[in-house]
Each structure stands twice: as structure tokens, then as C-alpha cells.
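Data first, discussion second: the structure below is written as C-alpha cells.
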Amino acid sequence: GGELIITNLKLEFKNINENIVSQLVSFINNGGHLQVRKTQIADVTFRRGNSLFGADNANTISLVDCKFSRIHIGHNDTYKETNHIVQSTNISIINCKFTDVENALIGGIINNVNSNQNLLVQQSSFKNCLNSKLASITSNQQHADIQSGNAQFIDTTFEDCTSSDFGGAVNFRSDGYISITDCKFYNCISFEGKGGALYITGTGKHTILNCKFEDCSANGQQIAEGGSIFIQGGINTIEDSEFKQSKATVSIKDKDQYEYDDSVSRGGAIMAVDWQDGSRIVNSEFTQNEADFGGAIYLDSYSTESRVEIVDSEFKNNKATFEGGAIQSRYTTLLHLDDVQFTWNQASVDNKGNDLHFSDINNNPEYIEKPNMVQIQQNLLTNCKSKTAEPRVCIDGYGCQYGWLPDNNSSIWPTWAIILIVLGGITLCCIYGLICVGCCFKQIQKVVLGNKAENEKNQFSLSRNVEEGRRNTNRTEQIQPPQINNNNNNNDRIVVRVPQYDDFHHDDQDQQQVRSIFQLPLLQQQPNNAHNCPDYNMTSTAVRPNQVESEQISINMLE
């Protein structure tokens, strides 16, 4: 028993010929705990049947913040089957990096998980790792990463991982549960032909959430199934995930010979075999996946009880060499689609279902003899639409079913074109808004300047009127009697223009002053319209200074 903690270990070999390791750590008694932290191990070859941290009798193995690089297996060694398996071990790998490591999860860094124990891999990365096929010399039994127990992969990336067995990144064979969340799988390959990234079998619960599979492939010489995932059995849930450019391809076969045999590839992204009732694919996208049958998904089961539900998902640009451009299923009863969109999928053989193809309706003879096609459509499709060319749905023996997938006329433009149009419209609206603001500002400025000029003009007019009034007043005050020439012996006739009464603003003092100068009688107050009266002449007697005689003075009062 006890606990062993290894921290800041750095293992290096100066001589490459001396880098063979049997086992670094092993507990003699049951119940030990091993923790390895901040450790770097590189360029190590270990003997087959052993592992760096085998710890056969340990209860838990924990690897945290470690880096492992260029670690391989000595393939020339022989080993016993019993030395390879770890009994009753919980393993956690957190924030570790594995680069160019052979069998990282199968006898390489750790051994198998058995007896219903747990494996946790979190925030780690596996790059250019190889899972080789390990076989016992005595029993020729193939090994797997996880033979029993449970496994969790969280926020982990697998890149350029390959396998000469099934499952390019992860091989899970257990009746326990496996949960894969927020993980990414790039360019993972299974050269044995099943599960380019994941190979999962068992009756347990298998969950894949928010994961991305891109450029993964299953390559086989006679059969290839599941370019990204191969899952057989269990209750399976795939949600919020993306499958892009995955392929299932057969290396050696005559593609010109069209036969229903095992020399084919199935399920460009997913190969689903014997999924139990309650399995679902939700809110996931399948884009540009390829296979001979079922460009994206192939469903196979002989059971009438199992049914897979695909909800709120999209299949776009998937391609099948023969049948089922997007989905191929053995029976129509194996599948139900709800709110699924199909776009530009293709089956290269005519009348083999560009979106959906079924090998048969059901394996029940009575049901097959009297098929109700309307009921089959209702049980199969709910609120599904397609932009793919007809025929979209075909059933062997019953022909193609036109109109089962109605046209999706929501938009004839691709997404990128719609985005550009929307952005262009927003830009034009912004430019138009700026122009309007500029015009409004200019108009406001014009009005303000106009009002200012008008005010200045009014001020000038007011000042001018005041000055004019002042001059009129001064002119009135300066009126002097005409000078009479005393040397003129003749009577001089003087004509004086007298303003109307109203011109003096009813000023009696001014009138009296003028009248007194010329010794004229005061005018009586006239009515308001007096200034409209015609001019009249008025004669008065004026006495010249130093002269007794009176002379007639004519005063012409003008308007």
C-alpha cells in the first residue's frame, strides 16, 4: 500500500541503445496510489508486456502536467498475457501532452482499465500517436484500450493519430459507459477499416457531446465502416457535434463492379450497428462526407425494436458512390427524422436516393406484403425539407418516393451570399444615415446663418430708422423764416411748403413755432383722414421788418 508522488522528473538517455525500460514503478501490495506531476519523459523504448507506470497493484494512477515524447514498444520482444493487464486501477490524465507515443492508452504510458474502474482524460492532447495491434503469442487475442469499466474524455484533442487496429484515436470495448465531451479529432485513421477516430462496442451508454471530427477516415482492404465513428450496441447519444470531410474507403476492390457484398465502404461519418431504442443524434452537422453506401450515416440492425432518432440536424454535400447520398438504412423502421434539413447530397447511381435510401421496409413479411406508404412516411419523416435534386428518397423494391421530402424554399442563396448581402445592406444604411445627418446639419447651419443675417439686417434697419427720425426732428427744429430782401421795393411773393398736421406727430408746439414764424393762424385739429385732403393754398399777411406795408405771402401746404 501507500502513496508515491513523482514530481519534476526528467528522464533522458544519452545512449540511444540503452533506452530500453521494463517498468518504472510497481507496487508490491494492493492499495497503492501513484501521482506523477510535471514530469517529462522522451525517447524511451519499453519492453512489450510492460509499461512505464504499470503499477499492477495500484488503486489509482494520476498523471498531471506531464509531457511524453517519442515513446515506443520493442516489437521484437515476447511477453506473457498476464503481465500486460492492470487489475483494479483508476487512471486520471490531466493537462498532459503525448507526442509520437505508441499505444498511449494501451500498454504504453498506462495499461488497460478493468473491473469496472474509471479512466479520466481531461485537457490533454495526443498528436501523431500510433495504436498498434497487440496480439498475444499464446492466444493470439487482440487487446483494446479499455476492456471494461468507464471512460471520460473532456476537452481533449487527438490529431494525426492512427491505428493498425480499430479506432484511430480511441478503442473502447466495454459494457460500461463512455462520455466524450468538447473533444476534437483531426485526421485520425484506422487502417483496419473500422472507426477512423472512435471504435466503441458494448451494451452500455455512449455519449458524444459538442465534439468535432474532421478529415478522419476508415481504410480497409475489403471493408471500411465509419469514417469517424464505429459504434455497435448500447444506447448512443450524439449531440451538438460536427462531422466534416470524413471518409470510409476500401483500398482494394473493383469499384466498377456493383455488387452487394462485404467489399464496400459504409458510413462516411458514422457506422451505427444494433443501436438500442432511445439512441439519438441531435443538433449535429454532416458536411462533405463520403462512402459507397451512406455518404454520412449507415444504419444496420436486424432487430425490429431498435430505432434511431435524428433531430434538428443538417446533411450537406455528402456523397455516396452507390446508395444513400446522406443516409443509408437497412429498414425504414430503424429511423425517424424530425426537423432535419438536406442540402445538395448525391448518390451517384440513379434512383438510389440522393438523401435517403432503404434496403427494405421491414423484416416482417406481413408488413412487407401490405405496406401503407402514407403511414411509413409519417413514421419516418416529420417537418423535414430538402434542397437536393430528386429522387430524394428511395426504397429497394418499392421505387423512389417523390414528394416525401418537400422543397426547402427558405432561400436560394448560400449562407455566405446572404451574409454578404446583409452586411452590404447595413453598410448602405449607415452611409445613407450619415448623408442625411450631414444634410440636416447643413440645413440647420443655413437656417441659423440666415436668421443671424436677418437679425443683423433688422438691427441695421432699426438703427437707420432711428437715425432718420433724429434727422427729421433736427430738420424741423432748424426751420427758419425766409429772408426777405429789404432792398426790393416790389412786393415779393413767398411760397412756403408746410408739412401736414400729421407729419409733426400732432406736436402742437412745433405747429405753433412754425405758425408764429410766419404769423399764421393755428390750424385746427383735423380728423384722422385729414392728411388725405388735397393740397390747399393759404394766404397770410406778413410784416417785413423795417417796413410798414403789408405784403401778401402765399403758403402752399402740401401733403
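Take 1 as the starting number for the sequence shown in the UniProt record's numbering and just add one per residue.
Idealized CB from N, CA, C, for every residue including glycine.
Quick caveat, the model's predicted, so the values are computed rather than measured.
Q) At a Cβ threshold of 7 Å, is residue 471 touching chain C? A) Absent here is chain C; the protein component of the structure consists of one chain.
Q) Under three-state DSSP, which class holds residue 345? A) coil
Q.
Going by beta-carbon coordinates alone, are residue 233 and residue 248 separated by less than 7 Å?
A. no
Q.
Can you tell me whether residue 239 is helix, strand or coil according to DSSP?
A. strand
Q: Go ahead and pull the three-state DSSP assignment for residue 112.
A: At residue 112 the pLDDT is 47, less than 50, meaning the model places this residue with poor confidence and gives no usable figure here.
Q: Starting from the Cα of residue 151, find the closest Cα among 181, 160, 125 and 131 and give me that residue.
A: 181
**Q.** DSSP three-state assignment for residue 264, whether helix, strand or coil
**A.** coil
Q) Is residue 394 helix, strand or coil when you go by DSSP? A) strand
Q: On the DSSP bridge assignment, give the partners of residue 203 in chain order.
A: Answer is none; residue 203 lacks a bridge partner.
Q. Among all the DSSP beta bridges, which residues are the ones paired with residue 220?
A. 250
**Q.** residue 436 in three-state terms, based on DSSP
**A.** helix
**Q.** Bounding residues of the beta strand (DSSP E) (the contiguous stretch that carries residue 101)
**A.** 97 to 101
Q) Over what stretch of residues does the alpha helix (DSSP H) that includes residue 565 continue unbroken? A) This structure leaves residue 565 out entirely; the chain is present only between 1 and 559.
Q. Between the C-alpha atoms of residue 506 and residue 448, what's the straight-line distance to the nearest angstrom?
A. Note that residue 506 has pLDDT 48, beneath the 50 cutoff, so the model's placement of it is unreliable and no number is given.
Q) Taking buried to mean at least 16 other C-beta atoms within 10 Å of its own C-beta, is residue 406 buried or exposed? A) exposed
(Q) Let me make sure I understand the geometry here. Which of 155, 190 and 296 has the alpha-carbon closest to that of residue 166? (A) 190
Q. Using 8 Å as the Cβ pair cut-off and three pairs as the minimum, do the segment 311 to 330 and the segment 285 to 303 touch?
A. yes
Q: Could you tell me the distance, in whole angstroms, from the CA atom of residue 8 to the CA atom of residue 39?
A: 5 Å
Q: Check residue 469 in the structure and name its three-state DSSP category.
A: helix
Q) Under a three-way DSSP split, which group does residue 305 fall into? A) coil
Q.
Quick check on residue 399: does DSSP put it in helix, strand or coil?
A. strand
Q | Start and end residues, beta strand (DSSP E) containing residue 328 | A | 327 to 331
Q) Helix, strand or coil for residue 319 per DSSP? A) strand
Q) Rounded C-beta distance between residue 350 and residue 326? I'm assuming under 8 Å. A) 17 Å between Cβ atoms; not a contact.
Q. Short check: CB of residue 272 to CB of residue 289, under 7 Å?
A. no
Q.
Less than 7 Å between the C-beta atoms of residue 130 and residue 159, yes or no?
A. no
Q | Endpoints, the alpha helix (DSSP H) within which residue 340 is located | A | First-last for residue 340: undefined, no H or E at that position.
Q: Report the three-state DSSP secondary structure of residue 245 (helix, strand or coil).
A: coil
(Q) Here's the rule: buried if 16 or more other CB atoms are within 10 angstroms of the residue's CB, otherwise exposed. What is residue 459? (A) exposed
(Q) Can you give me the C-alpha to C-alpha distance between residue 285 and residue 188, rounded to a whole angstrom? (A) 19 Å
Q | residue 375 versus residue 132: straight-line alpha-carbon distance, rounded | A | 49 Å
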